[in-house]
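Data block below; observations after.
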Amino acid sequence: MRLTNMFDAFHSGRVTSINRIMTKKNWLYLTVLLALAAVYVVFFTDWFKPQTVQIFHTVREAHFRRRPGHNTPTLLFGLSRPLKITDIKIVPLADYEKNPDTLPVWHLISDSNSVPIHDFAYGQKIRGMKAAVRGSEAGELDTNLVYRIFVVAGKVTGHEDFHLGDEPATNAVTSGK
Numbered sequence: 013m014r015l016t017n018m019f020d021a022f023h024s025g026r027v028t029s030i031n032r033i034m035t036k037k038n039w040l041y042l043t044v045l046l047a048l049a050a051v052y053v054v055f056f057t058d059w060f061k062p063q064t065v066q067i068f069h070t071v072r073e074a075h076f077r078r079r080p081g082h083n084t085p086t087l088l089f090g091l092s093r094p095l096k097i098t099d100i101k102i103v104p105l106a107d108y109e110k111n112p113d114t115l116p117v118w119h120l121i122s123d124s125n126s127v128p129i130h131d132f133a134y135g136q137k138i139r140g141m142k143a144a145v146r147g148s149e150a151g152e153l154d155t156n157l158v159y160r161i162f163v164v165a166g167k168v169t170g171h172e173d174f175h176l177g178d179e180p181a182t183n184a185v186t187s188g189k
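In short: position in the sequence shown from 1, add 12, done, that's our numbering.
Structure (structure tokens):
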């Protein structure tokens with residue numbers, strides 16, 4: 013049967029109309045089924061949740077990596093999976109809570125196409141990234157302050173609070189989730 017013949021047959025009444033097949037009871041069942049499917053998708057899948065990355069950190073006494081005149085231990089960050097990072101920013105947490113536009117201690121942005129990385133060190137030059145402010149370098153970190161690192165990789169974001177030393181000056185929330 014050709015498409016035009018099917019169209020003519022449908023409009024001439026030879027094909028049963030949808031109203032005769034779908035009774036009110038069937039429409040009700042279909043509506044309930046669609047509503048349950050929508051509830052399932054919204055509450056039990058990750059389709060509408062923002063993607064995040066877990067960040068962890070560790071402090072190492074790697075003397076061979078220190079720059080002359082710098083007493084800061086080597087601070088290493090790791091990511092839950094390799095990502096093409098587009099933005100890394102570290103700010104003092106107390107300053108950030110007062111003013112979210114506070115100047116970062118270290119800020120890198122992607123200048124073109126960064127390579128996927130799984131971990132990096134504080135102040136490290138990452139291929140495909142550059143300082144957000146031309147000529148700036150990573151600043152010294154105080155051992156009695158809490159800092160927050162923000163990592164952005166496209167639509168994937170994450171942050172982690174951290175400090176150097178034994179006890180921070182303020183309470184730290186150390187979940188990067």
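Ideal Cβ placement from N, Cα and C applies to all residues, glycine included.
Buried is the label assigned to F89, since at least 16 other Cβ atoms lie within 10 Å of its Cβ. Under a 10 Å Cβ-count criterion, S126 is classified as buried, with 16 or more other Cβ atoms of the shown protein chains found around its own Cβ.
Excluding sequence positions up to five before and after P116, its CB lies within less than 7 Å of the CB of K101, I102 and V103, all in the same chain and listed in chain order. For F60, the CB contacts under 7 Å within the same chain, skipping 5 residues up- and downstream, are V54 in chain order. Contact annotation: H130 and L91 have beta-carbon atoms nearer than 7 Å. The beta-carbon distance between Q66 and G170, rounded to whole angstroms, is 6 Å. This is short enough to meet the 8 Å contact definition. Its Cα nearest to that of H69, the residue Y134 stands out among N38, T98 and Y134. 7 Å or more divides the Cβ of G140 from the Cβ of T155.
Within a 10 Å sphere around the beta-carbon of E172 sit 16 or more other beta-carbons, which makes this residue buried. In this structure, the alpha-carbon of R160 lies about 6 Å from that of F174.
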